[in-house]
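Novice: Questions regarding the structure given below will be posed in turn.
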Amino acid sequence: MIEIQVIRNNGADVIERLRTKNFDASSIVSRLLDVDSDRRQTTKQLDDLLAEGKLLAKKIGELYQQGNAGEAGILKERSALLKAQSKELQDTLDALTTEQDELLVQLPNLPHESVPAGTTPDDNEVVLREGKVPVLDDNAVPHWDLARLYDLVDFELGTKITGAGFPVYKGQGAKLQRALIAFFLDEAVAAGYTEFQPPLLVNEASAFATGQLPDKDGQMYFVPIDKLYLIPTAEVPVTNFYRDIILDESELPVKSTAYSSCFRREAGSYGKDVRGLNRLHQFDKVEIVQIAHPEKSYLVLEEMVSHVTGLLRKLELPFRIVRLCGGDMSFASALTYDMEVYSAAQQRWLEVSSISNFETFQSNRMKLRFRSADGKNTLAHTLNGSALALPRIVAALLENNQSGDGIGIPEALRPYTHFDRITIAG
RNA sequence: GGAGAGGUGGCCGAGUGGUCGAAGGCGCACGCCUGGAAAGUGUGUAUCCGCCAAAAGCGGAUCAAGGGUUCGAAUCCCUUUCUCUCCGCCA
Numbered sequence: 042m043i044e045i046q047v048i049r050n051n052g053a054d055v056i057e058r059l060r061t062k063n064f065d066a067s068s069i070v071s072r073l074l075d076v077d078s079d080r081r082q083t084t085k086q087l088d089d090l091l092a093e094g095k096l097l098a099k100k101i102g103e104l105y106q107q108g109n110a111g112e113a114g115i116l117k118e119r120s121a122l123l124k125a126q127s128k129e130l131q132d133t134l135d136a137l138t139t140e141q142d143e144l145l146v147q148l149p150n151l152p153h154e155s156v157p158a159g160t161t162p163d164d165n166e167v168v169l170r171e172g173k174v175p176v177l178d179d180n181a182v183p184h185w186d187l188a189r190l191y192d193l194v195d196f197e198l199g200t201k202i203t204g205a206g207f208p209v210y211k212g213q214g215a216k217l218q219r220a221l222i223a224f225f226l227d228e229a230v231a232a233g234y235t236e237f238q239p240p241l242l243v244n245e246a247s248a249f250a251t252g253q254l255p256d257k258d259g260q261m262y263f264v265p266i267d268k269l270y271l272i273p274t275a276e277v278p279v280t281n282f283y284r285d286i287i288l289d290e291s292e293l294p295v296k297s298t299a300y301s302s303c304f305r306r307e308a309g310s311y312g313k314d315v316r317g318l319n320r321l322h323q324f325d326k327v328e329i330v331q332i333a334h335p336e337k338s339y340l341v342l343e344e345m346v347s348h349v350t351g352l353l354r355k356l357e358l359p360f361r362i363v364r365l366c367g368g369d370m371s372f373a374s375a376l377t378y379d380m381e382v383y384s385a386a387q388q389r390w391l392e393v394s395s396i397s398n399f400e401t402f403q404s405n406r407m408k409l410r411f412r413s414a415d416g417k418n419t420l421a422h423t424l425n426g427s428a429l430a431l432p433r434i435v436a437a438l439l440e441n442n443q444s445g446d447g448i449g450i451p452e453a454l455r456p457y458t459h460f461d462r463i464t465i466a467g
């Protein structure tokens with residue numbers, strides 16, 4: 042959430058910058074300026090009353106000790122009046138604070154200056170394209186057919202026991218999953234990230250802090266009896282490790298990685314987008330998260346993009362890096378790079394990673410700060426990215442490496458799979 | 001799930017209605033001491049909000065969270081929540 046000071050000092054600038062995200066903030070900002078001003082005025086009045094009340098209480102106490110109940114009684118009347126007035130002011134202040142928070146929460150994060158204008162994925166900017174798209178046989182097939190042919194994924198079985206979008210991995214398919222997870226984690230640890238295994242359910246405070254609530258309520262699975270949300274990404278628990286924390290500046294950057302299953306309701310998705318492994322309700326992902334110094338967060342973002350680029354190279358997949366336009370960016374992000382691999386049989390780009398700098402948007406919500414050398418507490422920047430999401434990687438690996446007699450496993454992955462090829466015999 | 005005990009500053013821990021943002025200790029920071037270190041010693045050491053252009057300064061809030069009693073609450077009452085112990089259940 043945007044800091045109120047930013048709006049107070051640069052309201053017009055906020056409105057201007059949010060236009061890049063195709064968001065008209067003018068009425069919210071204008072209302073916020075009024076509410077903020079009222080709020081501060083009310084705070085001042087209330088504080089003055091409370092100060093007087095404290096003095097009175099002290100005086101009354103002294104009078105009682107001196108046995109002067111008569112004088113004390115008179116002061117009590119004044120005290121009762123003060124109490125009534127401050128109660129009223131407190132109610133006003135609470136209402137103003139609530140309104141301010143409700144307004145602030147509606148504002149998306151300010152986009153970085155490098156974010157291109159635009160409204161749809163077509164307006165995204167391709168910043169790098171690398172790798173050779175394989176030329177497949179005429180009889181090459183999409184991954185869902187390969188999955189059936191080699192008995193790697195059983196979609197129907199998942200539908201039977203749970204529902205559509207919950208595949209069952211099997212045999213070499215299951216082993217490939219396990220191999221990818223271990224590979225991604227090892228790579229992240231080698232790059233200096235600390236490995237975590239987080240809870241898969243989080244409370245409301247956590248879901249709010251990273252920005253899933255209230256914006257994406259309805260996209261998360263919810264367990265009402267315990268008021269817990271199934272995580273849509275490990276970003277939520279891992280970033281929330283640092284909620285209400287004041288780090289020492291010397292601890293930055295904090296680098297964390299976690300493998301987790303991810304759960305997404307994906308309400309409203311349909312068509313070829315959801316075919317096979319393209320879009321699932323449950324999938325596996327290794328996430329990288331960094332908490333960075335504000336002055337270095339964009340270098341950190343580049344570093345994270347490089348890390349993921351390295352993974353894709355090792356997997357020998359053709360990929361491109363896309364800078365999202367304002368209209369395609371998420372609510373909380375200031376700058377996002379999407380990493381897409383080319384899945385040759387479907388002949389389409391599949392998003393396998395999304396790497397974002399949230400600047401202070403999340404840290405302001407979760408009060409994640411660091412103490413600098415001069416003793417000041419400052420909001421840290423948070424960043425995260427997939428490294429990587431499994432299903433579409435699997436889709437691309439299967440499709441791109443297929444041949445008549447099996448599916449090749451990239452060199453880097455073989456120590457993890459313990460097999461070079463996926464074959465009918467397994 | 002049942003019964004009981006408890007949640008105080010970075011940590012330990014005192015505090016059962018008044019001048020307590022909170023004794024004392026540990027830790028940490030800086031200084032003194034020392035050839036250097038330890039020991040010793042001195043000072044300091046929470047967060048947020050507001051007033052102010054800002055610093056200084058001043059005011060307010062915060063002793064799990066929320067509400068209540070009272071002139072006055074860390075202290076009393078209620079609700080919620082979490083932790084611990086015992087029992088039950090259980091991968």
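Okay, so the first sequence: first residue is 42 according to the working numbering, each after it adds one. Glycine included, each C-beta is placed from N, C-alpha and C at the ideal position. Just so it is clear, the structure is predicted and the values come from calculations on it, not from any experiment.
Taking the straight line between their C-alpha atoms, what separation do you get for residue 176 and residue 385?
Specialist: Going by the C-alpha atoms only, they are around 8 angstroms apart.
Novice: Could you give the uninterrupted runs of the beta strand (DSSP E) lying entirely in the segment 332 to 403, keeping only those of 3 residues or more?
Specialist: DSSP runs (the beta strand (DSSP E)) wholly in the segment 332 to 403: 360 to 364, 376 to 384, 389 to 400.
Novice: Going along the chain, which residues of its own chain have a beta-carbon closer than 8 angstroms to the beta-carbon of residue 474, five neighbours each way excluded?
Specialist: Residue 474 lies beyond the stretch modelled for the chain, which goes from 42 to 467, so this question has no answer here.
Novice: Taking only the alpha-carbon atoms, compute the straight-line gap between residue 235 and residue 296 and give it to the nearest angstrom.
Specialist: Answer to the nearest angstrom: the Cα atoms are 6 angstroms apart.
Novice: Helix or strand or just coil, what does DSSP make of residue 202?
Specialist: The answer is helix: DSSP assigns residue 202 an H, G or I state.
Novice: Around the Cβ of residue 367, are there at least 16 other Cβ atoms within 10 angstroms (buried) or fewer (exposed)?
Specialist: Residue 367 should be labelled buried.
Novice: Can you find at least 3 beta carbon pairs, one from the segment 441 to 455 and one from the segment 178 to 185, that sit closer than 8 angstroms?
Specialist: Touching, per the Cβ criterion.
Novice: With contact counted as at least three CB pairs below 8 angstroms, one residue from each stretch, are the segment 210 to 224 and the segment 278 to 293 in contact?
Specialist: Contact fails: fewer than three Cβ-Cβ distances are below 8 angstroms.
Novice: In chain order, which alpha helix (DSSP H) runs of at least 4 residues are fully inside the segment 54 to 132?
Specialist: 67 to 106, all fully within the segment 54 to 132.
Novice: Look at the Cβ atom of residue 247, then the Cβ atom of residue 278, and state whether they are nearer than 8 angstroms.
Specialist: For residue 247 and residue 278, yes; Cβs fall inside 8 angstroms.
Novice: How long is the line joining the alpha carbons of residue 148 and residue 194, rounded to whole angstroms?
Specialist: Whole-angstrom Cα-Cα distance: 41 angstroms.
Novice: For residue 362 versus residue 380, is the C-beta spacing smaller than 8 angstroms?
Specialist: Cβ distance < 8 angstroms, so residue 362 and residue 380 count as in contact.
Novice: Thinking C-beta only, is residue 364 closer than 8 angstroms to residue 157?
Specialist: Contact: yes.
Novice: As an exercise, report each continuous alpha helix (DSSP H) stretch of at least 4 residues that is fully enclosed by the segment 406 to 452, in chain order.
Specialist: Correct list: 431 to 441.
Novice: Between the Cα of residue 377 and those of 400, 360, 389, spot the shortest distance and give me the residue it belongs to.
Specialist: Residue 377 has its Cα closest to that of 400, out of 400, 360, 389.
Novice: Identify whether residue 299 lies in helix, strand or coil by the three-state DSSP scheme.
Specialist: Correct three-state label for residue 299: strand.
Novice: Which word fits residue 281, buried or exposed, when buried means at least 16 other C-beta atoms lie within 10 angstroms of its C-beta?
Specialist: Result: buried.
Novice: DSSP three-state label for residue 462, please.
Specialist: It is a strand residue.
Novice: Taking the alpha helix (DSSP H) that residue 187 belongs to, which residues open and close that run?
Specialist: That run of the alpha helix (DSSP H) goes 184 to 190.
Novice: Would you report the Cα separation of residue 97 and residue 105, rounded to the nearest angstrom?
Specialist: For residue 97 and residue 105, the distance between alpha carbons rounds to 12 angstroms.
Novice: Please state whether DSSP places residue 274 in a helix, a strand or coil.
Specialist: Of the three classes helix, strand and coil, the one that applies to residue 274 here is coil, per DSSP.
Novice: Is it a yes or a no for the segment 110 to 125 touching the segment 84 to 99, going by three-plus beta-carbon pairs under 8 angstroms?
Specialist: Segments in contact, yes.
Novice: From 337, 88, 54, pick the residue whose C-alpha is nearest to that of residue 152; which is it?
Specialist: Considering only alpha carbons, the answer is 54.
Novice: Starting from residue 171, follow the beta strand (DSSP E) in both directions and report where the run begins and ends.
Specialist: Element bounds for residue 171: 166 to 171.
Novice: So, are the CB atoms of residue 423 and residue 403 less than 8 angstroms apart?
Specialist: Yes.
Novice: Going by DSSP in three states, residue 235 sits in which element: helix, strand or coil?
Specialist: Residue state, collapsed to three classes: strand.
Novice: Around the C-beta of residue 150, are 16 or more other C-beta atoms found within 10 angstroms, so that it is buried, or is it exposed?
Specialist: Buried, because 16 or more other Cβ atoms sit within 10 Å of the Cβ of residue 150.
Novice: Pairs of beta-carbons, one from the segment 430 to 439 and one from the segment 315 to 322, closer than 8 angstroms: are there three or more?
Specialist: Because the criterion of three Cβ pairs below 8 angstroms is met, the segment 430 to 439 and the segment 315 to 322 touch.
Novice: Return the residue from the list 303, 451, 180 that minimises the CA-CA distance to residue 322.
Specialist: Per the Cα distances, 303.
Novice: Does the distance from the CB of residue 90 to the CB of residue 130 come in under 8 angstroms?
Specialist: Closer than 8 angstroms, so yes.
Novice: Mark residue 300 as exposed unless 16 or more other C-beta atoms lie within 10 angstroms of its C-beta, in which case mark it buried.
Specialist: The residue in question, residue 300, is buried, as its Cβ has 16 or more Cβ neighbours within 10 Å.
Novice: In angstroms with no decimal places, state the Cα-to-Cα distance between residue 354 and residue 165.
Specialist: Roughly 22 angstroms between the two C-alpha positions.
Novice: So, helix, strand or coil for residue 211, using DSSP?
Specialist: Coil, per DSSP.
Novice: Report, in whole angstroms, the separation of the C-beta atoms of residue 77 and residue 45, which I expect to be a contact under 8 angstroms.
Specialist: About 6 angstroms; that satisfies the 8 angstroms criterion.
Novice: Straight-line CA distance for residue 457 to residue 80?
Specialist: Approximately 59 angstroms between the Cα atoms of the pair.
Novice: Take residue 229 as the anchor and find which of 426, 464, 439, 466 has the nearest alpha-carbon.
Specialist: Residue 229 has its Cα closest to that of 426, out of 426, 464, 439, 466.
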